[in-house]
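Residue numbers (UniProt numbering): 1 to 877.
Quick reminder that beta carbons are idealized off the backbone N, C-alpha and C, glycines included.
Values in this document were obtained by computation on a predicted structure and should not be read as measured data.
The structure appears right after this line, and notes come after that.
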C-alpha cells in the first residue's frame, strides 16, 4: 500500500475523485500501522493467556481492514476512477498549464514590475551581455511568485539586449513539456518562413539538426521559461550550437540543481523578496488608478489599511500584485476593511498564488513531501535548527536506513541531502549558514509558503496546529480548553503564555496520536500520559519551558514504548523516572539545559539511541550506585554530548561505541584524556566533531592521534596546551580537514598562531578566554587562506595585533570582544576587502576611534570604512 501511495502521490492532483480515493488508501495504510503497533503495546508486558486473546482481537481487526481495502478497490470500477497517463490528459491540469503559459511581451508597458528588481535586472543584463567564447547558460532561480519570469521578460525586451543578439526566442517549458513542441517553437521564432513550413513532419532528431543549423553563426538568445528538471534540458541541449561569441540560453527555474547542472560555472541570479517600502509602492500602484495616485497620492485612510495588509504578503511580488488587483475593485473603506479581516487566505487563494506554490509541492518526489509538510508544524518565523529537524524526520520514519554496503552514509547524511533538495527547489530558505559557510545551520519557510504548507497538511490530515486561544478569553472565564476534534495523527501546540498544560483537554485528539510537539510554553505541569491516545507516540517534544519551576517527568512516560524522539531541552526537568528504560525504540534523548538532572541507570538500556544530548551543567544518577551506569550497551550512538569521561571508560564502553561521529566529553585528568585519544573511534578517523574540556590545572597531552581523523571538521579544546612548542608541537597534529576550531584557556604563543594559519581548510576560528598569552599577535601574509569568521574574546594579555597585507584574504566576519589592553584596530584590516561584518565590544576609547558620529570620523575609521556592517558597543571590564 505504501509503494502504491508513492506512485499515486504525483497523480492525485488530476481529479477530485482520485484525490479522495488516494486519501482513503492512505487512511487504511495508517490504520494498519495502528493495529499492529497497538498489538505490540498490549502484549509487551502481558501474560501468555492475555497475548492469546490479543491475537484473536488482532485477527478480527485485520479482517475488517481487508474488507475496507476490498471496498476501496471496488469503488475504482464503481466510480470509474483511473489514473491518467500524464498531466496533459487532464482537462483541469491543461487549463492550469495554459493559464500559466508565459509570452515575452504580455506585460504592461509601465514600470511597476521593475520595483524591487533593479539589482537583479542589472545582474541579469550584465550576464547576458558578456562576450564568452563558449555557449553559456544563465539562470534566474527562486520560489514561485518571486518574479523570475517578470525579470526575464524585462531584460529580454530591453533595447540593449535586443540590439546585442542577432535573433531571440522565448519558449515556455512547464513540468509536462514535449521536446518536439519546444524545438518547433524555437524554429518558428528564429527560422525563415520556408523552414517553418517544411519542419512540420520532421522527426525529433532531424528537428534538432534543423534548429542547430538555424542558430549556427548567429549570436542568439533563447529563453526557456519555467524549467523543472535536468532531463528537459538534456533532451534538447544538442540543438544549441556554440554560435557566435556571446550566445546565451536563459533559464527561469525553481530548482538550483537544474541551473547548476546546465552550467556549474555561471552565476545564478536570485531575485530577493521586496522590502516593506518596495512592497507598499507596488501595492499602491496596483490598488489605485494611475490618475488617482498621480494627482492626490493614495488616500491616507486607505494607506493605513494597505500597509497593514501588505505585511501579510511577505515581500512576494505575485502576492502583492494579486492583493492590489483585488483592492482595485474595492472603492470603499468598508471593502478594504473586509479584505483586511481575511487578507491571508484571500491573497493565497485568489488568482492562483496558492496554485503557483502547489506546483512546487506536486513536483516533489514522494520522499520529500512529508519532510516539507513537517516543517510547517514549527511556529511562524521560528529559526529551525537543522540538526533538530533532521532528528525529527528520522524519528518520524521519513528517512530510510542506508543499504548494506553504504557504511559511510548515515541516516543523518541522507536527511541533510533531503533538506538540501528542498532548499535547492526554493521551498525552504536558509536562515543561517554553518561554520563552513556552505552548510545550513538554521532554516525557515516563507510566510506564504508556510501558509500553503499548513493548509495542505490539514487537508491531508498530516498535522494539526493548536493555537493559543486561552489568552483570548474574557476575564473570569474558564481557562479550560478542549483540543478540537481532529483526524490528524500529529499535533503541534503553539500555546505561547498558556498557564498550564493541565488547562488542555486531549479527549478529542486522534485515538492513535503519533507526534506531539509543544513549543515555547511557560509552565510544565504533568501531561496526561495515561491517556490512551498517547500510547503510539513516536515523537514527544516538550522543550523551551520558560519561567517554570523544576519538575519530574511522570513515570507514565515508560508506557510510550514506540517513542523514538524525546525532546526535553530547557524543559526544567530534574528527575527522570526509572520507567524510561522501557523506551527501547528511542533514537533521540535531548536533555540539554536541565542543570543537575538526575538520571536512573535505566537510561543504559536504551539500546537504539543514536543521539544522547546530556545537560551541559552535569548530571547525577539517582538512587543507584554510579558504577551501574553503563554506556557500553549504547552501541548505536552517533552523537554523544557532555558525557563524563569516567562514565565512558567504565565497562570498556569506549572500545564498543564504534558508531560515534560527534563526541563532547568532560575530562578530569591527563590520564583520562590519554584513554580518550586512544579510543578506536578516534584511531579509525571517523569522528567529525570532537570537543574536550580539561580542568584549569591540567594540560592537554599529545594530540598525535588526531592526525588520523581525516574527517574531523569541528574541534573544541578547552584547557591548557603545552607552552613549549619546540619540545611538544602538539598543534602540528591538527588534521588538515578542520573547518572550525574553538580554543579556550589554551595559553598558546605566537608559535601556535604560525601553525594555525597554515591549516588549509580552516573557515572558523575562535580564540576565547586565555587562549593566547602573548602581548603581540601577528597574522602573516598568505596566512589563514580560507578563514571566513574570526572571533577574539577575552585575550587579556594582547596589546598589539598586526595584520600583514594579504593575510586572511577570505575573511567575512570579525568579532573583537573584551580585550582590555588592545588600544586600536590593526592597520592591516583595511586591506581585507572581503570583510563584510565587524562586531566590537570594547572600551569606549577603542570604540570612539572607529566610530562615525554626526559626520565626524574617529582616528581609525579609515581602517573600517569599507566594511558594510559595523556594530560597536562600549563596555566596561
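### Task
Take residue 451 as the anchor and find which of 314, 34, 642, 412 has the nearest alpha-carbon.
By one-based count along the chain shown, residue 451 stands at place 451. Nearest C-alpha to residue 451: 314.
Exposure of residue 781, with buried meaning 16 or more beta-carbon neighbours within 10 Å: Locating residue 781 in the chain shown gives position 781, where the first residue counts as 1. Exposed is the label assigned to residue 781, since fewer than 16 other Cβ atoms lie within 10 Å of its Cβ.
Quick one: is residue 1 buried, meaning 16 or more other Cβ sit within 10 Å of its Cβ, or exposed?
Reading the chain shown from its first residue, position 1 is the one you call residue 1. With fewer than 16 other Cβ atoms within 10 Å, it is exposed.
If you follow the beta strand (DSSP E) that residue 817 is part of, which residue opens it and which one closes it? In the chain shown, the residue the question calls residue 817 occupies position 817. If you look at residue 817, you'll find it in the beta strand (DSSP E) that goes 813-817.
Query raised in the report: How big is the Cα-Cα spacing for residue 878 and residue 179?
Result: Limits of the chain in this structure are 1 at one end and 877 at the other, which puts residue 878 out of reach.
>> On a Cα-Cα basis, can you pick out the residue from 393, 127, 426 that is closest to residue 411?
In response: Within the chain shown, numbered from 1, the residue matching residue 411 stands at position 411. Closest option to residue 411, Cα to Cα, is 393.
So, at 8 Å on beta carbons, what are the nonlocal neighbours of residue 849 in its own chain, with the 5 sequence-adjacent residues on each side left out? Within the chain shown, the letter at position 849 stands for residue 849. Here the set comprises 824, 825, 858, 859, 860, 861.
* To do: Report the three-state DSSP secondary structure of residue 470 (helix, strand or coil).
  => To locate residue 470, count along the chain shown from 1; it is residue 470. Only weak support is given to the placement of residue 470: the predicted model assigns it a pLDDT of 43, under 50, and the value that follows is read from those uncertain coordinates. Reduced to three states, the DSSP call for residue 470 is helix.
| message | Suppose only complete runs of 3+ residues qualify. What are the beta strand (DSSP E) ranges in the segment 135-185, listed by chain order? | response | Qualifying beta strand (DSSP E) stretches, in chain order: 136-141, 167-172.
#### Entry: Alpha carbon of residue 456 to alpha carbon of residue 449, nearest angstrom
Walking along the chain shown from the start, residue 456 turns up at place 456. Walking along the chain shown from the start, residue 449 turns up at place 449. Rounded to whole angstroms, the separation of the alpha carbons of residue 449 and residue 456 is 10 Å.
- request: Could you check what DSSP says for residue 801 in three-state terms: helix, strand or coil?
  value: Along the chain shown, read from residue 1 onward, the residue named residue 801 stands at position 801. Residue state, collapsed to three classes: strand.
Exercise for review: Please classify residue 866: does DSSP put it in a helix, a strand, or coil?
Suggested key: Position 866 of the chain shown holds residue 866. Residue 866 falls in the coil class under three-state DSSP.
Please go through the same chain and pick out, in chain order, the residues whose beta-carbon is closer than 8 Å to the beta-carbon of residue 739, but skip the five residues on each side of it. By 1-based counting over the chain shown, the position of residue 739 is 739. Residues of the same chain with a CB within less than 8 Å of the CB of residue 739, apart from the 5 flanking positions on each side, are 435, 436, 713, 714, 761, 762, 763, 764 in chain order.
Exercise. Hey, how far is the Cα of residue 235 from the Cα of residue 229?
Worked result: Residue 235 sits at position 235 when you count from the first residue of the chain shown. Residue 229 sits at position 229 when you count from the first residue of the chain shown. Distance between the alpha carbons of residue 235 and residue 229: 10 Å.
Quiz item: Is the CB-CB distance between residue 636 and residue 608 below 9 Å?
Solution: Translated into positions along the chain shown, residue 636 becomes position 636. Translated into positions along the chain shown, residue 608 becomes position 608. Yes; because the gap between Cβ atoms is below 9 Å, this pair is in contact.
With a threshold of 16 other CB atoms inside 10 Å of the CB of residue 655, please say whether the residue is buried or exposed. Numbered from 1 along the chain shown, position 655 holds the residue referred to as residue 655. The residue in question, residue 655, is exposed, as its Cβ has fewer than 16 Cβ neighbours within 10 Å.
Looking at the unbroken beta strand (DSSP E) that takes in residue 575, where does it start and where does it end?
As a first step, residue 575 must be located in the chain shown, where it is residue number 575. Run containing residue 575: 573-575, per the beta strand (DSSP E) assignment.
TODO: Say whether the segment 168-188 touches the segment 302-318, bearing in mind that this needs 3 or more beta-carbon pairs closer than 8 Å, one atom from each stretch.
DONE: With the cut-off at 8 Å, the segment 168-188 and the segment 302-318 do not touch.
- Query: Apart from the five residues just before and just after residue 839, which ones in its own chain have a Cβ nearer than 7 Å to its Cβ?
  - Reply: The residue labelled residue 839 in the question sits at position 839 within the chain shown. Same-chain partners within the cutoff: 815, 871.
>> On the DSSP letters alone, give me the boundaries of the alpha helix (DSSP H) that residue 752 sits inside.
In response: Your numbering for residue 752 matches position 752 in the chain shown. Annotation: the continuous alpha helix (DSSP H) that includes residue 752 extends over 750-756.
**OP:** Going by DSSP, name the residue or residues bridged to residue 741.
**Re:** Locating residue 741 in the chain shown gives position 741, counting from the first residue. In the DSSP assignment, residue 741 forms a beta bridge with 715, 765.
- Task: For residue 384, count neighbouring Cβ atoms within 10 angstroms of its own Cβ and tell me buried if that reaches 16, exposed if not.
- Result: Reading the chain shown from its first residue, position 384 is the one you call residue 384. When all chains shown are included, residue 384 counts as buried.
Would you mind sorting residue 853 into buried or exposed? The rule is 16 or more other CB atoms within 10 Å of its CB.
-> Numbered from its first residue, the chain shown carries residue 853 at position 853. Here residue 853 is exposed, its C-beta having fewer than 16 other C-beta atoms within 10 Å.
Exposed or buried, what is residue 752 when buried is set at 16 or more other beta-carbons lying within 10 Å of its beta-carbon?
-> The residue labelled residue 752 in the question sits at position 752 within the chain shown. With 16 or more other Cβ atoms within 10 Å, it is buried.
When DSSP labels each residue in this structure, what does residue 275 get in the three-state scheme? Numbered from 1 along the chain shown, position 275 holds the residue referred to as residue 275. Judged by DSSP in its simplified three-state form, residue 275 adopts coil rather than helix or strand.
Identity of the residues DSSP links to residue 511 by a beta bridge:
Taking the first residue of the chain shown as 1, we reach residue 511 at position 511. Its beta-bridge partners do not exist; DSSP assigns none.
| message | Under DSSP, the alpha helix (DSSP H) around residue 429 begins and ends at which residues? | response | Here residue 429 refers to the residue found at position 429 of the chain shown. From DSSP, residue 429 is part of no alpha helix (DSSP H) but of the beta strand (DSSP E) over 429-433.
#### Entry: Nearest neighbour of residue 367, chosen from 399, 382, 339 [CA to CA]
Mapped onto the chain shown, residue 367 falls at position 367. Of 399, 382, 339, the residue nearest in Cα terms is 399.
Quiz prompt | Residue range of the beta strand (DSSP E) that includes residue 230 | solution = Sequence index remark: in the chain shown, residue 230 carries index 230 (1-based). DSSP places residue 230 outside any beta strand (DSSP E); the residue lies instead in the alpha helix (DSSP H), whose first and last residues are 230-236.
Reducing DSSP to helix, strand and coil, say where residue 226 ends up. Stepping through the chain shown from its first residue, residue 226 is reached at position 226. Under the three-state reduction of DSSP output, residue 226 falls in the strand class.
Is residue 845 helix, strand or coil by DSSP? On the chain shown, residue 845 is found 845 positions in, with the first residue counted as 1. If DSSP states are grouped into helix, strand and coil, residue 845 belongs with the helices.
With DSSP as the reference, label residue 599 as helix, strand or coil. Start at 1 with the first residue of the chain shown, and residue 599 comes out as number 599. Note: residue 599 maps to strand in three-state DSSP.
- Query: Which partner residues does residue 269 have in the DSSP bridge list?
  - Reply: The residue given as residue 269 occupies position 269 in the chain shown. For residue 269, DSSP records a beta bridge to 140.
**Message:** Comparing C-alpha positions only, which one of 708, 702, 709 sits nearest to residue 720?
**Reply:** Counting from one through the chain shown, the residue named residue 720 turns up at place 720. Here the closest residue by C-alpha is 702.
Discussion item. Need the endpoints of the beta strand (DSSP E) that residue 692 sits in, please.
Written reply: Residue 692 sits at position 692 when you count from the first residue of the chain shown. For residue 692, the enclosing beta strand (DSSP E) starts and ends at 689-693.
Could you check the C-alpha separation between residue 565 and residue 539 for me, to the nearest Å? Walking along the chain shown from the start, residue 565 turns up at place 565. Walking along the chain shown from the start, residue 539 turns up at place 539. Residue 565 and residue 539: Cα-Cα distance of roughly 5 Å.
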